[in-house]
Amino acid sequence: MKTQSRIDAQTNLILRIHIIWRGLLALMAALSVWMIWARMAELPVWQKILFSLAAILVMVFSSYGAYQFSKHNHSGRMISLTLDYLGFVVCFVFALNVGEFFIGIDALGENFGKGIPYLGITVLGYFLGMLEEYFPTRNNASENSLKTVSKWVMLSGFLLFLWQVKALNGIVYFFGKFAQPGGMVAVIGLMVFGLSLWSMNRPNVAQALNVKTRHEQVINGWLFLSPNLLGFLIFFAGPLLLSFYFSFTDSDAIRTPNWVGFDNYAKILNIKFITLDVPDQLARDVVDIKVYDEVGRFTFGDRGILFAAEDKFFWLALRNTLTFVLFAVPLSVLPALVLSNVLNSKLPGMKFYRAVYFMPSIAAVVGISLVWQWLYNATIGYINYFITLGIEFWNNLFNVAIIDPKIQWVSDEKTALFAIIIIAAWQTMGFNTVLFLAGLQNIPGELYEAATVDGAGAWDKFWGITLPMLAPTTFYVVSTTTIQAMQVFEQVFILMNPPEGPNNSTITLVLYLYRSGFQNFKQGYASAIAWVLFIVIFGLTLIQFQRQRRSSIYES
Amino acid sequence: MNMKSYRLVRFLNNFFVYFILTFFAFIMLFPFFYMLSTSFKIPSDTFRYPPRMLPRDPITMQVDGYDEPLPLYFVDVDGVQKEYALVRSNIKVGTYAPVDNPAAVVDRFISEVKPTGGVMNQQKVVVNGEEVKLFDVEVDGQVVPMILVSQTTVGEFIDPQDPESEPVFQNVRLSEPVENVGWHPENYKEVIELNNLGRALTNTTLVTVLVVMGQLVTSVFGGYAFARLKFPGRDTVFVFYLGTIMIPFVMLIVPLYQLMVLIGWTDRLASLIIPWIFTAYGTFLMRQHFITFPKEIEEAALLDGASRFAILKDIIIPASIPALATQATFTFLYAWNSFIWPLVIINVGNEKNHVLTLALNVLRGRASDTPNLILAGAAIAIVPPLIVFILGQRFFVESVAGSGVKG
Chain S
2 MKTQSRIDAQ TNLILRIHII WRGLLALMAA LSVWMIWARM AELPVWQKIL FSLAAILVMV
62 FSSYGAYQFS KHNHSGRMIS LTLDYLGFVV CFVFALNVGE FFIGIDALGE NFGKGIPYLG
122 ITVLGYFLGM LEEYFPTRNN ASENSLKTVS KWVMLSGFLL FLWQVKALNG IVYFFGKFAQ
182 PGGMVAVIGL MVFGLSLWSM NRPNVAQALN VKTRHEQVIN GWLFLSPNLL GFLIFFAGPL
242 LLSFYFSFTD SDAIRTPNWV GFDNYAKILN IKFITLDVPD QLARDVVDIK VYDEVGRFTF
302 GDRGILFAAE DKFFWLALRN TLTFVLFAVP LSVLPALVLS NVLNSKLPGM KFYRAVYFMP
362 SIAAVVGISL VWQWLYNATI GYINYFITLG IEFWNNLFNV AIIDPKIQWV SDEKTALFAI
422 IIIAAWQTMG FNTVLFLAGL QNIPGELYEA ATVDGAGAWD KFWGITLPML APTTFYVVST
482 TTIQAMQVFE QVFILMNPPE GPNNSTITLV LYLYRSGFQN FKQGYASAIA WVLFIVIFGL
542 TLIQFQRQRR SSIYES
Chain U
2 MNMKSYRLVR FLNNFFVYFI LTFFAFIMLF PFFYMLSTSF KIPSDTFRYP PRMLPRDPIT
62 MQVDGYDEPL PLYFVDVDGV QKEYALVRSN IKVGTYAPVD NPAAVVDRFI SEVKPTGGVM
122 NQQKVVVNGE EVKLFDVEVD GQVVPMILVS QTTVGEFIDP QDPESEPVFQ NVRLSEPVEN
182 VGWHPENYKE VIELNNLGRA LTNTTLVTVL VVMGQLVTSV FGGYAFARLK FPGRDTVFVF
242 YLGTIMIPFV MLIVPLYQLM VLIGWTDRLA SLIIPWIFTA YGTFLMRQHF ITFPKEIEEA
302 ALLDGASRFA ILKDIIIPAS IPALATQATF TFLYAWNSFI WPLVIINVGN EKNHVLTLAL
362 NVLRGRASDT PNLILAGAAI AIVPPLIVFI LGQRFFVESV AGSGVKG
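Protein sequences, first through last, are from chains S and U. Going by this note's numbering, the first sequence opens with residue 2, and the numbers climb by one from there. Going by this note's numbering, the second sequence opens with residue 2, and the numbers climb by one from there.
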């Protein structure tokens, strides 16, 4: 062929070496499969399977790549690049691990505080460089001098920072580790894979393998996506699958998990409704209390229904979580709707109010819960104080004698969950207000003008124009608030002592998940709870989505 | 409608609008004010009822003849309120009454009253079926046997200008201390130095900085690949990414915990950083931003022989500073405020690796009787994000609004 005739001797040599390298890698992969099963008895079986699978894939693709190379097909280059890149990444991570880079972050925490001021200098230097963008000068020289100064300030700030955090010690320590066999392997791997990648990317070699312009995009695309995708697979998609697997096991984070089938789900969903002859009939008279616990009972006149479940805490948690959602979502969405309509007026100062409303949503929930804990204090808290003041005022005004309730906000089972609801509503209201405001500002003004011409009042406009036009925003706001509310945990954990509250009145699904998984270490069971939680959230979102779609069909 | 009434209606309308807005602003800000003011108080001031907003200090005064400065109280002297110094407290005072006339009570210092008949064989009477001890109480120069009805403690107050004058005795707890507004920033020093908040602040800063930087890098590259580069499998992966955005984080804590156990990162700061620098949501936002970037500029640069990396670095990133700032702020808040994952992965005992939220959780238990310290800790956790928010407010609020509209 024509293209082949143009290949020079050097390129030809590189290609030959590559074919050998691919074959060698395949051989090494095959060898490692044998090693895994013959020599590494201490590895758990699933790890053996996983590693062998990876090695077999490397073996197959590497041999196939060698074959394609010999035919000068571009797919050989692609396979080679992919394998070498992955190998390079693995060696890189391995090198970081050998150098104790990840563990070393802890040591950085020791000295990082001293370095923060110098890091500040670096940031300052960066802004100095940006200054030019905001105050453009016609004089080119001054622009460049500013950039130079900025560069030097940044550099010196960063060097001082490194010196303060004793980075040199860390670097020396890091490279010292490479004298060990593991380190050697990592360094050799990095060099071999790096060399291979570099040679593959030489224009001559690429041309010899019939590269096309579109290949550049494919390679760059996967290359740019790869850090994100690898991390995403390892720290998100993989664990998600693992969670699904765990939910069918009795995993306890220490021993090898045993497959238990649907047992976890069966335990969660094992419930019974029993009609009672008399409403206050004891639970042990009607159900087997070795298996079932009473969750609650409903009475109708002189009859009653007993609700019993094998895992009573799950159902209490579900009840509390749904109650929480039922109150917290409207309480944070409806005021937000009102406020956003008020904020949408063209009066001065609206941006200030908008910023103020936004503030609670950016503060740490843990901190906020501590503040509210003291606001809720029954004897010295401001909330009860304001209630007392209000009642006194009312009593004086109308000459009545309403008794001050002195609510025990967090220690009374009737108010505990409500106290949490108030905090959550307070914290998400501002965020929702800003979302609604954006939705409102996207409604074309002509609609209102047309309605005014038709003689519609403010109320008609709100019902006839604002609400229907706002439907997509409302859907977004309600569903995100619901998803968030379903995961309520931090407020309860901080505010309540113990976190499940008086008489389990504030135990929530995530709290119960945490409790099962990390206090009782029933991690398989906790995974099952997580999936049930997900299904509930998914169901709620789906319902809202259906409603939104239906209402938008009405609109059209 | 005539002009005058129109103006009146408009004025009333505006007044109403500002009234509602200010009312809600008060509700939104009050907890923050409360937190800041309490964090500057002394412990006794935090437990005072009714609560007060400004932190106050009791005033003390150096009085002749006393080594220590004495606290001042408001004291009622002949119907006039005066500022007197507390010299002595916990002086026991008994209220005595004759057996036959319980209404004729007199107050005497218990130390000045002798038991009737001596300490060894004190006389007793029977009142309402109970034996009660008798005391010799001097009334108008006469000694009368009386029974002890009740007892209390008082303090001795003197006029600081005239220490030799007649002292006044009254209940210390019920006396109003003389106070002035006084701030106690040393509360912050105490939580930072003694309650590990300093180390926690450093750790949180470190974790947040690394997560923000890492996430920006991965999501810029990923977002660019999704938005601008055509390669087989791209759309499949993107749909996959989109599908996971709605998945709540709590789904992952159990398997992620086990993964961390497997690679030995439990109790390590690395576990708070590395898993969080890869995000589907951030990548999605970056992609949405890059897709609006005009293609022509990029194509021109490609014709000039620029590499994709150079285009990203020299053209696209400089033009995307607001979007990057927004994403950085989001990530900052998320990393700074996260609690459940650190709670799971970092041991309570390993205080060296605590982040702020964890340190607050510990402080809550340790300092449960000193709200001033707890709220100083809360302020340390809450104020830095607020500052970041105020600085980045312009982009941030606007882009939250933007993300909502796009869904």
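By construction, the Cβ of each residue, glycine as well, lies at the ideal position given by its N, Cα and C atoms.
Less than 7 Å between the C-beta atoms of residue i and residue j, yes or no?
i	j	result
PHE476/S	ALA337/S	no
LEU191/S	CYS92/S	yes
SER412/S	PRO473/S	no
LEU270/U	ILE20/S	no
ASP65/U	PRO168/U	no
GLY223/U	LEU87/S	no
ARG78/S	LEU210/S	yes
VAL150/U	THR96/U	yes
THR507/S	ALA379/S	no
LEU202/U	GLY110/S	no
ALA30/S	MET60/S	yes
GLY518/S	VAL255/U	yes
PHE535/S	MET252/U	yes
TYR35/U	ILE381/S	no
ALA368/U	LEU374/U	yes
Using 8 Å for Cβ pairs, my map puts residue i next to residue j. What's the rounded Cβ distance?
i	j	result
GLU191/U	ASP58/U	No, GLU191/U and ASP58/U are not in contact; Cβ-Cβ is about 16 Å, not under 8 Å.
THR509/S	THR322/S	5 Å
TYR63/S	ARG17/S	According to the sequence displayed, residue 63/S carries Ser and not Tyr. 16 Å between Cβ atoms; not a contact.
GLN259/U	ALA108/S	That belief does not hold up - the Cβ atoms of GLN259/U and ALA108/S are roughly 26 Å apart, past 8 Å.
PHE103/S	TRP266/U	7 Å
ILE21/U	VAL343/S	6 Å
LEU359/U	PRO372/U	At roughly 20 Å, the Cβ-Cβ gap does not stay under 8 Å, so LEU359/U and PRO372/U are not in contact.
ASP236/U	ASN348/U	The pair is not a contact, with the Cβ atoms about 43 Å apart (cut-off 8 Å).
For residue i, decide whether its Cβ has a neighbour in chain S, counting only Cβ atoms nearer than 7 Å.
i	result
ASN102/U	no
GLY405/U	Bear in mind that a pLDDT of 46 at GLY405/U, under 50, signals an unreliable position, so the number given afterwards is only what the model happens to contain. Interface residue, yes.
VAL240/U	no
GLN394/U	yes
GLY408/U	The predicted model places GLY408/U with a pLDDT of 36, which falls under 50 and marks its position as unreliable, so this point remains unresolved.
LEU195/U	no
ILE21/U	yes
Just to confirm the assignment, what range does the alpha helix (DSSP H) spanning residue i have?
i	result
TYR85/U	Counting along the chain, TYR85/U falls outside any alpha helix (DSSP H), though it belongs to the beta strand (DSSP E) covering 81-98.
ARG285/S	284-287
ASN321/S	313-344
LYS352/S	351-363
MET54/U	Per DSSP, MET54/U belongs to no alpha helix (DSSP H) and is neither H nor E.
Determine whether the Cβ of residue i lies closer than 7 Å to any Cβ atom of chain U.
i	result
LEU441/S	no
SER557/S	Only weak support is given to the placement of SER557/S: the predicted model assigns it a pLDDT of 45, under 50, and the value that follows is read from those uncertain coordinates. Not one chain U Cβ lies under 7 Å of SER557/S.
GLU450/S	no
ASP405/S	no
ALA364/S	yes
ASN521/S	no
TYR266/S	no
ARG551/S	no
ALA10/S	no
Hey, quick one: how far does the beta strand (DSSP E) through residue i stretch, first residue to last?
i	result
LYS134/U	131-140
ASN181/U	180-182
GLU352/U	Counting along the chain, GLU352/U falls outside any beta strand (DSSP E), and DSSP gives it neither H nor E.
GLY1/S	No information on residue 1/S is available, as it lies outside the stretch 2 to 557 that chain S covers here.
ALA368/U	Where ALA368/U is concerned, there is no enclosing beta strand (DSSP E), given that its DSSP letter is neither H nor E.
PRO72/U	71-78
ALA309/S	304-310
Would you call the region 274-287 of chain S and the region 282-301 of chain U touching, i.e. three or more CB-CB distances under 8 Å? The region 274-287 of chain S is not in contact with the region 282-301 of chain U.
Against chain C, which members of the region 352-364 of chain U pass a CB distance test of less than 9 Å? No chain C is part of this structure, whose protein chains are labelled S and U.
Inspect the CB distances between the region 481-500 of chain S and the region 294-312 of chain S and report whether three or more fall short of 8 Å. no
When the Cβ atoms of the region 478-490 of chain S are set against those of the region 448-459 of chain S, are three or more pairs found closer than 8 Å? no
Taking 8 Å as the cut-off, does the region 367-385 of chain U touch the region 358-372 of chain S (at least 3 CB pairs, one atom from each stretch)? yes
Across the region 519-535 of chain S and the region 244-251 of chain S, are there enough close Cβ pairs to call them in contact, namely three or more that are closer than 8 Å? yes
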